Every structure is written in structure tokens, then in C-alpha cells.
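Chains as they are written, first to last, in the working numbering: chain Y, 1 to 184; chain P, 1001 to 1184.
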């Protein structure tokens, strides 16, 4: 547990050595992120480690959440990711059209298809330098609070366009899924 | 990087008699951006005002240029746009695939197809809060210096994939075209 005392899900990731040099750098940066969140009074939950990095989740309204993750190879950067839909139907042209449309209209909140072999998901992700977020906590707060709201609106538009998929829920399994996918 | 272009000068606050109220807000915000650029020693060129907003270009000698724009409807945000290709051939599905891959791999630099009736263009755009950029001027400088370099790499990926289009040239006409589209 960190000094910030985030609530935790599970352990430190199966078979992953937390002292691995790549992950260690990510953990160190995430520690700074958690301290900033604690100063803002934002509750977070440790999601654990992946071979590429580490992350914490921040819930909103009990159901929506954003994943804050740092990849070891790019440990100066924080990914702030909202899962719009998971396991979507494989209507690739329509999904790519919608993703492009959202990104074109609002590049502050880019939307993309994440098409892994175990399922196609749609994410919205912001990526900022950790140092900037720590220096400007008011901005960090607005990112963490606003992204789930923008994501909720985008999700409804994917649904309205007939894209079938399940929403991410604030559960350990979904948080880990989003962590892993936010890193690769 | 070496820069060229006209050095900024102090600008008066926009008066309501020579612009709509919405556009006046954008003009005043762009003046704030100009002041930051001057402080950083970054030169810019003025672009003609558009009905939806205003902008300037920042030219890098060996890496093309960026358009910095403020839309009247979103006057607290600065769009920093690089044109990757213009008048691309209508190979839509392949273009959307590449845009999605580039955005997924680096959501800090979202890439999208801008498919207006006057021709299809591909842009990379960062959209950031102006108050953040004013507070974090080193970060602002880093954005302006890194985006053109990333744009060169991205452009080559489209070209290697067989996407044909023209490069944005350094003439004022192309910069004005990019401003107009960055505000869409």
C-alpha cells in the first residue's frame, strides 16, 4: 500500500516482479500521481501492475471510472483512460468512422478502437506529462473529473449508432482489463 | 530548431465594434497566446480572421509549420494543428485504419481525417487549455517543438502505406486553409 492509502484490488500482478527496472520507474511516478490525488481529496484504488507498467483507478458515480496508468518505457507520461465499450461487435468501418468523427471534433479527448485478440474495445484517452499534472493540480482535477462525463456522452452516441458492446463497470476485472489495454 | 517569420508585437485588446462578441473573446485569448510566444522568443505569422475563430502560424525552418487557433465557441482552448497531407486520395478505410493506429499508440497526438467537401486532409492536433499553456510555458514550448517532428514521422507512415496526397506548403494560402479546417 502506498502512503496515500489508496484502497487496493488484489496483489501486485501475477508473476510480475515489482522491482523489475521498467516497472519500478512506473511505480515511482505513479506514487507522485497518487500523492497529488490525495492532496486534491480524490479517492483512488490501486489496480496493480502489468509487465509494462502500473495504474490506479478513480471511480465516479459508483459505476464510471478512469484508469490512470504509467508505462515503464514512457514513465514521464500519465495515461488517463476511460473505457467506452468492451467486446463490441466487429463492425469495423462503422466503429472507425465514429472514432474519427469524435477525435476530429474534440482532439482534447481522442477516441480509438483497441482491437486485441480477446476483444475489441473503444477507449477515450488523454496523455499528459506527469510533471505538468503535478505542477497544475487544478488541471489534473479537471481531467479526472471531466473525462468520465465526456466518455458517457460518447458511449451513448456509439449506442445510438448501433454499435453493440458492454460498458466497462467499476470492478476488478474491468479495471485490470483497462489498465493492461491502456499500456499497449 | 531555427524559426523564421514576423516577430510578435504587443496587440490591443479586441474591441467589440470590429468583431462579434464571441470572436472578440477568441481574439483576446489569441493575444494572450501571442504574449506567451513572445516571452519564449518564438516568432509567428498572423493569419486572416475567420468567421469561426482566429489563428497564427509558427514556422519551423526544417519541419514545416503549425497553426495555433482559437475558436470563438471554445475560447479557452488552443488548437495546435499540423497538416500531414491534403487532398488525399479517397482510400477511406485505409486512412481511418492508420489514423486509429496512430491515435491509439499516442493519444497525446491525435490524428484524424478531415473530410470536408473541398478535399480530404489528414491532421494531427493537440487541443489544450490556454490557461494551462500560460502557466506551463516550458510545456507549451515542448508541444510546439515536438509536434512538427512527430508530424514528419506520421506523414511518412501514410506515404509508406500508399496514401497519396500533397504536403502542406509554406505559403499563406495553405496556412489559411489549415486554420479554417482547424476551427471546424
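Yeah, the Cβ is synthetic: ideal placement off N, Cα and C, and Gly gets one too.
Here the structure is a predicted model, which is why all the values come from computation and not from measurement.
Going by beta-carbon coordinates alone, are residue i and residue j separated by less than 7 Å?
i                       : j                       : result
residue 63 of chain Y   : residue 125 of chain Y  : no
residue 60 of chain Y   : residue 148 of chain Y  : yes
residue 1070 of chain P : residue 1030 of chain P : yes
residue 186 of chain Y  : residue 1103 of chain P : Residue 186 of chain Y lies beyond the residue range present for chain Y, which begins at 1 and ends at 184; the question has no answer from this structure.
residue 1127 of chain P : residue 1079 of chain P : yes
residue 1112 of chain P : residue 100 of chain Y  : yes
residue 40 of chain Y   : residue 154 of chain Y  : no
residue 53 of chain Y   : residue 47 of chain Y   : no
residue 144 of chain Y  : residue 50 of chain Y   : no
residue 1026 of chain P : residue 1054 of chain P : yes
residue 105 of chain Y  : residue 1108 of chain P : no
residue 1125 of chain P : residue 107 of chain Y  : yes
residue 199 of chain Y  : residue 141 of chain Y  : Here chain Y has residues from 1 to 184 only, and residue 199 of chain Y is not among them.
residue 67 of chain Y   : residue 169 of chain Y  : no
residue 136 of chain Y  : residue 1135 of chain P : yes
residue 1083 of chain P : residue 1144 of chain P : no
residue 29 of chain Y   : residue 130 of chain Y  : yes
residue 1040 of chain P : residue 1117 of chain P : no
residue 1155 of chain P : residue 1076 of chain P : no
Residue i bridges to which residues according to DSSP?
i                       : result
residue 1033 of chain P : The partner list for residue 1033 of chain P (beta bridge, DSSP) is empty, contrary to what the question assumes.
residue 1116 of chain P : P/1119
residue 168 of chain Y  : In DSSP, residue 168 of chain Y forms no bridge with anything.
residue 1131 of chain P : Residue 1131 of chain P is not bridged to any residue.
residue 114 of chain Y  : Y/121
residue 86 of chain Y   : Y/166
residue 64 of chain Y   : Y/60
residue 1071 of chain P : P/1053, P/1074
residue 1180 of chain P : Per DSSP, none; premise fails for residue 1180 of chain P.
residue 128 of chain Y  : Y/78
residue 182 of chain Y  : Answer is none; residue 182 of chain Y lacks a bridge partner.
residue 1166 of chain P : P/1086
residue 49 of chain Y   : Y/54
residue 43 of chain Y   : BP columns for residue 43 of chain Y are empty, so no partner.
residue 29 of chain Y   : Partner(s): none; residue 29 of chain Y has no beta bridge.
residue 223 of chain Y  : With chain Y covering only 1 through 184, there is no way to say anything about residue 223 of chain Y.
residue 1046 of chain P : P/1056
residue 1079 of chain P : P/1069, P/1127
residue 1111 of chain P : P/1124
Which word fits residue i, buried or exposed, when buried means at least 16 other C-beta atoms lie within 10 angstroms of its C-beta?
i                       : result
residue 27 of chain Y   : buried
residue 1048 of chain P : exposed
residue 1066 of chain P : buried
residue 75 of chain Y   : buried
residue 164 of chain Y  : exposed
residue 184 of chain Y  : exposed
residue 1172 of chain P : exposed
residue 1087 of chain P : exposed
residue 116 of chain Y  : exposed
residue 1162 of chain P : exposed
residue 90 of chain Y   : exposed
residue 1175 of chain P : buried
residue 1182 of chain P : buried
residue 171 of chain Y  : exposed
residue 57 of chain Y   : buried
residue 174 of chain Y  : buried
residue 991 of chain P  : Any property of residue 991 of chain P remains undetermined from this structure, which presents chain P solely from 1001 to 1184.
residue 1089 of chain P : exposed
residue 1148 of chain P : buried
residue 1152 of chain P : exposed
residue 22 of chain Y   : exposed
residue 1060 of chain P : buried
residue 162 of chain Y  : exposed
residue 1110 of chain P : buried
- Message: Beta carbons nearer than 8 Å to chain P: which residues of the stretch 82-100 of chain Y have them?
- Response: 93, 96, 97, 99, 100
- Taking any Cβ of chain P, which residues in the stretch 126-137 of chain Y have a Cβ under 9 Å from it, in chain order? 126, 127, 128, 129, 131, 132, 135, 136
- Within 7 Å of chain Y by C-beta, residues of the stretch 1136-1147 of chain P in sequence order: 1136, 1139
- Below 7 Å between beta carbons is the criterion; list the residues of the stretch 112-125 of chain Y that meet it against any residue of chain P, in chain order. 112, 113, 114, 125
- Query: Going along the stretch 1075-1109 of chain P in order, which residues come within less than 8 Å of chain Y, judged by CB to CB distance?
  - Reply: 1077, 1079, 1093, 1096, 1097, 1099, 1100, 1103, 1104, 1106, 1107, 1108
- Query: Listed from N- to C-terminal order along the chain, which residues in the stretch 1114-1137 of chain P have their beta-carbon within a distance smaller than 9 Å of any beta-carbon of chain Y?
  - Reply: 1114, 1115, 1123, 1124, 1125, 1126, 1127, 1128, 1129, 1131, 1132, 1135, 1136
- Item | Residues of the stretch 137-165 of chain Y with Cβ closer than 7 Å to any Cβ of chain P, in chain order | 139
- Query: Listed from N- to C-terminal order along the chain, which residues in the stretch 1147-1178 of chain P have their beta-carbon within a distance smaller than 8 Å of any beta-carbon of chain Y?
  - Reply: none
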